[in-house]
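The sequence shown begins at 2 in my numbering and counts up one residue at a time. Okay, so here's the structure we're looking at.
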Amino acid sequence: MTALYDLADLPGRPCTIAAALELVGERWSLLVVREVSLGNHRFSDIARGTGAPRDRLTARLNALVAAGVLERRQYSDSPPRSGYHLTASGRDLLPVLQALLQWGDRWAAEEPPVRLTHAPGEHEEHTVDAEWVCRTCGEPVNSSRVERVLTPAGRALSGLPAEERREH
């Protein structure tokens with residue numbers, strides 16, 4: 002199951018950022034996704050890696066499974082035990098974690114404890130940075146070259162007609 006929100010029910014500006022934060026905006030949620038992405042699938046490993054209180058971790062894991070970010074996979078019959086794994090939705094959060102890591106390296110930590118590198122074998126190892134890239138042409142894009150366009154859903158939430166009327 003994937004949790005979807007009626008944007009009109011969220012406070013403030015109708016926005017999918019607000020809906021996303023309803024799902025994963027609590028600290029423990031993103032730390033759980035980080036731990037599972039690092040290969041920690043068992044509750045005890047996730048608890049150790051996040052430092053989350055057990056009751057809070059249980060609630061976060063249940064919420065992330067219900068939202069379709071994680072899935073449970075049974076790894077033992079006796080006693081019955083399950084591990085947690087990222088779904089496609091969870092894997093789509095990895096660039097968000099990378100951007101937070103990069104921001105934290107620059108603005109929140111004196112000395113970063115880890116860095117992400119790329120070394121495919123054809124060239125020297127180098128640091129990986131999160132950046133915006135156009136899906137169509139592959140060109141790097143900065144925020145000054147991005148236009149915000151209301152979709153029909155956004156226009157309806159803003160009280161505007163579904164289609165923009167142009168005067169001739």
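Glycine residues also receive a C-beta, built at the ideal position from the N, C-alpha and C atoms.
Cβ-based neighbour list, residue i, same chain, cut-off 7 angstroms, excluding 5 preceding and 5 following
i: Gln-103; result: Asp-130 and Ala-131
i: His-169; result: Confidence at His-169 is low in this model, with a pLDDT of 45, below 50, so its placement is unreliable and the value that follows should be read with caution. Excluding residues within five positions, none has a Cβ falling inside 7 angstroms.
i: Ala-163; result: Pro-153, Arg-156 and Ala-157
i: Tyr-6; result: Ala-20 and Glu-23
i: Cys-135; result: Val-142
i: Ala-110; result: none
Residues near residue i by beta carbon distance below 6 angstroms, same chain, minus five either side
i: Ile-18; result: none
i: Glu-126; result: Thr-118 and Ala-120
i: Ala-100; result: Ala-131
i: Gly-50; result: Glu-36 and Asn-41
i: Leu-11; result: Ala-19
i: Ala-64; result: none
Paired residues, beta bridge with residue i - DSSP
i: Gly-26; result: According to DSSP, Gly-26 bridges with nothing at all.
i: Thr-17; result: In DSSP, Thr-17 forms no bridge with anything.
i: Pro-141; result: Val-134
i: His-124; result: According to DSSP, which records beta bridges pairwise, His-124 is partnered with nothing at all.
Supposed close pair residue i, residue j - CB separation, criterion 8 angstroms
i: Thr-91; j: Val-66; result: Looking at the sequence itself, residue 91 is Gly, so the reference to Thr does not match. Actually they are not in contact, since the Cβ atoms of Gly-91 and Val-66 sit about 10 angstroms apart, beyond 8 angstroms.
i: Arg-146; j: Gly-84; result: The Cβ separation is near 42 angstroms, so there is no contact.
First through last residue of the beta strand (DSSP E) which encompasses residue i
i: Pro-81; result: 81-87
i: Asp-46; result: Per DSSP, Asp-46 belongs to no beta strand (DSSP E); it is in the alpha helix (DSSP H), 44-51.
i: Asp-78; result: 71-78
Cβ-based neighbour list, residue i, same chain, cut-off 8 angstroms, excluding 5 preceding and 5 following
i: Arg-61; result: Glu-27, Trp-29, Ser-30, Val-33 and Ala-53
i: Gly-160; result: none
Endpoints, alpha helix (DSSP H) assigned at residue i
i: Leu-102; result: 95-108
i: Ala-56; result: Note that residue 56 is Asp in the sequence shown, not Ala. Its alpha helix (DSSP H) spans residues 55-67.
i: Arg-156; result: 153-158
Quiz item: For the 8 angstroms Cβ check, are there 3 or more pairs between the segment 53-63 and the segment 112-125?
Solution: no
Quiz item: Is the number of C-beta pairs between the segment 76-95 and the segment 32-50 that are closer than 8 angstroms three or more?
Solution: yes
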